[in-house]
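Trainee: Protein chains in written order, with this note's numbering: chain A, 1 to 228; chain B, 1001 to 1406.
Next comes the structure, spelled out in structure tokens:
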């Protein structure tokens, strides 16, 4: 079942009156349960594409449809709501809220969704256990290593029970052990919970784990390969 | 809301030193502003109290024509019933009758226009404390037939205690008035002008002199302080007959009100400058807070927090800084001013001499009027609200992708 459909997507920046096509006519779709990586050199448009899919950036042209909702036509307010309920984000720099503990960071989105305290508490604890941080629920981000923070970020991304998770260079700041650990967790969640993960990455270890590899160059898809 | 408050509170303390500095600047500003205003208002209170105790009293009940034409013919008969009703008005502490007019005062060679004040000695002494200003002889008692003379007048006429003062004047409704009065005492009036022309006598003696049986020119009404004057005026107005009116010290001494107002205006300009400084200090802290967390705002908004909620959190942070600073500032200011209220600053040198010359205590007094303190708090609170417009606008304009690159 297709959860994301991208059609004729274009993003053009007017840089010193010379238009730069960060995304240039991309047509793409993702099935539920995919574990896909978008790769390409710096400036190829990976992050821009991911941002537009996630509703964080506007497209110049084209449509992004998620679960039959054209997010490119949603108002800013509705888009914020849509993101909260449907999309999980994992960022390169973890981007946890520094004044909240690991558990509170995970609970944060559920709180925005209006979940009851008991439900939030149970799910946050479960998710942190699932990413191997059951013992560190009350630590603030500053007391966690980079790998541990990124695992909290994964747990946070899953807290809202999203349709899919967008991960922008999630391993870029991690050492090999933390990267391995994080990818194993994501792969397990993908297999067991059927959660769709879409990565933008330079990291060969992520590419090796991915089931589908989409290569971008100058904003265009130059290859889209599915592994068996 | 609980989460918003929790987030705002924790955000406040993520950079402890900066928050402490911001709060301290507010505390010191509130302290300085309160101290300045307390000293200013304290000196006005002292000026007013001294002024009303020199002469006017806090309020006076008069005939409606008296203030414009202050002659004995515009006096009135104050019934015991009226006096008792006025005494019963809330916060009235004292009512005293006066009959005041003018006369030519003379010894056997010199003469000088004098102001004759017929008083109820015991009651008047509670108002003007004349007995404490007696230099020679003694103060009046009810039923005395003599007079107490101001030192300047006595000196001009070369008269002393035991001598006889001659007074010639026009009495009630044109009757001629003249009489000889024994000088019982000589006093120093704190007002230099009054010191040259005051003659005090018992009110009944004055009435006899002026052939004004039962007539008073005013009823002086006293209370504890000038803040109570307006509601007393309202209370008295309701019981007065049509031919009388009640005037407050501020209506009788508009020049004093003007002096206070112009001085207060200067103080408020200083205060305004101080608050502009506070506002810029707070603004710089809030601006730093917003700039350094731009990326975080982007992420929070990206994961689903609406801009409105995010604005509330930042708004709460600004208000919290303002309120904490105000509350601490308020407590410290209160304690600080309370100390000076009970231990006024003594004045020295020429300033002290000038105060003493005008019969004022040579001290810098402080006021503990509660509005002085909570006004500072309200002001800083509004400054905080005004400053929070900046982060709120900033969040409203937030572009997630730009913010996350910050």
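The beta carbon of each residue, even a glycine, is placed where N, CA and C say it ideally should be.
1. Give, in chain order, every residue of the region 1278 to 1305 of chain B whose Cβ lies closer than 8 Å to some Cβ of chain A.
2. Since residue 290 of chain A is in the alpha helix (DSSP H), which residue starts that stretch and which ends it?
3. Using a Cβ-Cβ cutoff of less than 7 Å, which residues in the same chain neighbour residue 1172 of chain B once the five nearest sequence positions on both sides are dropped?
4. Pick out whichever of B/1339, B/1386, B/1360 and B/1299 has its Cα sitting closest to the Cα of residue 1347 of chain B.
5. Distance, Cα to Cα, residue 117 of chain A vs residue 1230 of chain B?
6. Can you tell me whether DSSP reads residue 1140 of chain B as helix, strand or coil?
7. Using beta carbons (cut-off 8 Å, strictly below), is residue 1385 of chain B in contact with chain A?
8. Grouping DSSP H, G and I as helix and E and B as strand, with all else coil, what is residue 226 of chain A?
9. Against chain A, with Cβ distances strictly below 8 Å, would residue 1011 of chain B count as a contact?
10. Which residues, in chain order, does the region 170 to 204 of chain A contribute to contact with chain B at a C-beta distance below 7 Å?
11. For residue 1245 of chain B, I'd like the list of residues in its chain whose CB is within less than 7 Å of its CB, leaving aside the five on either flank, ordered along the chain.
12. Could you pull the start and end residues of the beta strand (DSSP E) that residue 210 of chain A belongs to?
13. Determine which residues share a DSSP beta bridge with residue 168 of chain A and list them.
14. Please give the ranges of any alpha helix (DSSP H) in the region 1014 to 1062 of chain B, keeping only runs that are unbroken, at least 4 residues long and fully inside the region.
15. Judging by CA-CA distance, which residue of B/1046, B/1075 and B/1260 is the nearest neighbour of residue 1060 of chain B?
16. Do residue 1118 of chain B and residue 1203 of chain B come within 8 Å of each other at the CB atom, strictly closer than that value?
17. Report the residue from B/1375, B/1258, B/1021 and B/1328 whose alpha carbon sits nearest the alpha carbon of residue 1048 of chain B.
18. In whole angstroms, what is the alpha-carbon distance linking residue 1150 of chain B and residue 1342 of chain B?
19. Please list, in chain order, the residues of the region 99 to 113 of chain A that have any C-beta partner in chain B closer than 8 Å.
20. For residue 1389 of chain B, count the other beta carbons within 10 Å of its own beta carbon; 16 or more makes it buried, fewer makes it exposed. Which is it?
21. Below 8 Å on the Cβ atoms is my contact criterion, and I expect residue 1407 of chain B with residue 1282 of chain B to pass it. Report the Cβ-Cβ distance as a whole number of Å.
22. Since residue 101 of chain A contacts residue 77 of chain A with CB under 8 Å, what's their CB separation in whole angstroms?
23. So residue 59 of chain A and residue 72 of chain A are in contact, right, with Cβ under 8 Å, and what is the actual spacing, rounded?
24. List the DSSP bridge partners of residue 1183 of chain B.
25. Looking at residue 6 of chain A: is its Cβ nearer than 8 Å to the Cβ of residue 163 of chain A?
26. Quick one: which unbroken alpha helix (DSSP H) runs of 4-plus residues sit fully inside the region 1072 to 1129 of chain B? Chain order, please.
27. Measuring alpha carbon to alpha carbon, tell me which of B/1399, B/1385 and B/1308 ends up nearest residue 1001 of chain B.
28. Can you give me the start and stop residues for the beta strand (DSSP E) that residue 1165 of chain B sits inside?
29. Tell me where the beta strand (DSSP E) around residue 1245 of chain B begins and ends.
30. Three Cβ pairs or more, each shorter than 8 Å: is that satisfied between the region 1184 to 1192 of chain B and the region 1140 to 1156 of chain B?
31. Indicate whether the contact test is met: 3 or more Cβ pairs, each with one atom in the region 105 to 112 of chain A and one in the region 120 to 140 of chain A, closer than 8 Å.
32. By the 10 Å Cβ neighbour count, where 16 or more other Cβ atoms means buried, how is residue 1339 of chain B classified, buried or exposed?
33. Go ahead and pull the three-state DSSP assignment for residue 10 of chain A.
34. Going by Cα to Cα distance, which pick from B/1114, B/1039 and B/1090 is closest to residue 1166 of chain B?
35. Answer yes or no: do residue 62 of chain A and residue 9 of chain A have a C-beta to C-beta separation smaller than 8 Å?
36. Check the Cβ-Cβ distances between residue 1014 of chain B and every residue of chain A, and say whether any is below 8 Å.
Mentor: By the coordinates alone:
1. Residues 1295, 1296, 1299, 1300, 1301, 1302, 1303, 1304 and 1305.
2. Absent from the model: residue 290 of chain A. The displayed extent of chain A is 1 to 228, so no value can be given.
3. Contacts found: 1072, 1073, 1210, 1211, 1212 and 1215.
4. Closest in C-alpha terms to residue 1347 of chain B, from the list B/1339, B/1386, B/1360 and B/1299, comes B/1360.
5. For residue 117 of chain A and residue 1230 of chain B, the gap between their C-alpha atoms comes out near 56 Å.
6. Residue 1140 of chain B: coil per DSSP, three-state reduction.
7. Chain A, which has no Cβ nearer than 8 Å to the Cβ of residue 1385 of chain B, makes this no.
8. It is a strand residue.
9. Taking Cβ atoms only, chain A reaches closer than 8 Å to residue 1011 of chain B, which makes this a yes.
10. Listed in sequence order: no entries.
11. Around residue 1245 of chain B: 1062 and 1064.
12. Per DSSP, residue 210 of chain A belongs to no beta strand (DSSP E) and is neither H nor E.
13. Its beta-bridge partners are A/200.
14. Segments of the alpha helix (DSSP H) lying fully in the region 1014 to 1062 of chain B: 1016 to 1051.
15. Nearest of B/1046, B/1075 and B/1260 to residue 1060 of chain B, Cα basis: B/1075.
16. A contact, by the Cβ cut-off of 8 Å.
17. Among B/1375, B/1258, B/1021 and B/1328, the Cα nearest to that of residue 1048 of chain B is on B/1258.
18. Residue 1150 of chain B and residue 1342 of chain B have their C-alpha atoms roughly 33 Å apart.
19. Going along the region 99 to 113 of chain A in chain order, one finds 99, 100, 108, 109, 111, 112 and 113 with a Cβ nearer than 8 Å to chain B.
20. Using a 10 angstroms sphere on the CB of residue 1389 of chain B, the tally of other CB atoms stays under 16, which defines it as exposed.
21. Because chain B spans 1001 through 1406 in this model, residue 1407 of chain B falls outside it and cannot be assessed.
22. No, residue 101 of chain A and residue 77 of chain A are not in contact; Cβ-Cβ is about 29 Å, not under 8 Å.
23. About 5 Å separates the two Cβ atoms, so the contact holds.
24. DSSP lists B/1147 as the beta-bridge partner residues of residue 1183 of chain B.
25. Not closer than 8 Å, so no.
26. The qualifying runs are 1080 to 1087 and 1121 to 1128.
27. Answer by Cα proximity: B/1308.
28. DSSP places residue 1165 of chain B inside the beta strand (DSSP E), whose first and last residues are 1164 to 1170.
29. Note, residue 1245 of chain B: beta strand (DSSP E), 1244 to 1248.
30. Taking 8 Å as the limit for Cβ pairs, the verdict is that the region 1140 to 1156 of chain B does touch the region 1184 to 1192 of chain B.
31. The region 105 to 112 of chain A makes contact with the region 120 to 140 of chain A, as at least three CB pairs between them are under 8 Å.
32. Within a 10 Å sphere around the beta-carbon of residue 1339 of chain B sit fewer than 16 other beta-carbons, which makes this residue exposed.
33. DSSP, reduced to helix, strand and coil, places residue 10 of chain A within a strand of the structure shown.
34. The shortest Cα separation from residue 1166 of chain B among B/1114, B/1039 and B/1090 belongs to B/1114.
35. The answer is yes: Cβ separation under 8 Å.
36. With respect to chain A, the C-beta atom of residue 1014 of chain B has a partner C-beta closer than 8 Å.
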